[in-house]
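What follows is one structure encoded as structure tokens, with my remarks underneath.
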Amino acid sequence: MNDKMVTPLYEREHGSAPGPFYVVKDQCITCSLPTETAPENIRYHERPCTSCPTSVTEHCVVTRQPGCAEELDRMIEVVAASCVAAYRYCGTDPEILRRLVEAGCKEACDALVPRRQDDMA
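According to our numbering, the sequence shown is numbered sequentially starting from 6.
See below:
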């Protein structure tokens, strides 16, 4: 996967792998669906707990962009199944865009969302 990207419509979570798939900052609700569906690509971001000996799960983050067809399939499944629409695609690959639209995820494709004229300057 080596497609060009448009400017993301939303800020991505800190620590995200560079690339077209991303999690919108402060939108993940740690539901476990993404980490169970695409564990090769999505992990929880954790921070040390100041009052306990463990860590605290804060949110999901795309740690690696899909590198093969199977990983891409799972990432598209995550975008389609996200209960809070936290997963987005800012790439321009026509085949990936087609698949996301067919999965009912047109609104998660930054390249397909109309932008205000002043956002394009």
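Backbone N, C-alpha and C fix where the C-beta goes; we use that ideal spot for every residue, glycine too.
Inter-segment contact for the stretch 99 to 117 and the stretch 67 to 81 is present: three or more beta-carbon pairs are separated by less than 8 Å. The shortest C-alpha to C-alpha distance from E75 to any of N46, R103, Y27 and T68 is the one to N46.
In the three-state reduction of the DSSP assignment, R103 falls in the helix class.
The Cβ atoms of R93 and Y15 sit closer than 8 Å to each other.
With 16 or more other Cβ atoms inside 10 Å of its own Cβ, G96 counts as buried.
Proximity to R103 across V89, A85 and A91 peaks at A85, based on C-alpha coordinates. Boundaries of the beta strand (DSSP E) harbouring V28: F26 to V28, taken from the DSSP string. Non-local C-beta neighbours of A43 in its own chain, meaning closer than 6 Å and more than five positions away in sequence, comprise R79, M80 and V83, ordered along the chain. Taking 8 Å as the cut-off, the Cβ atoms of D8 and P23 do not count as close. Minimum Cα-Cα distance from R48 among the listed residues A113, H19, S56 and T12 corresponds to H19.
Taking 8 Å as the cut-off, the beta carbon of V28 is found closer than this to the beta carbon of C65.
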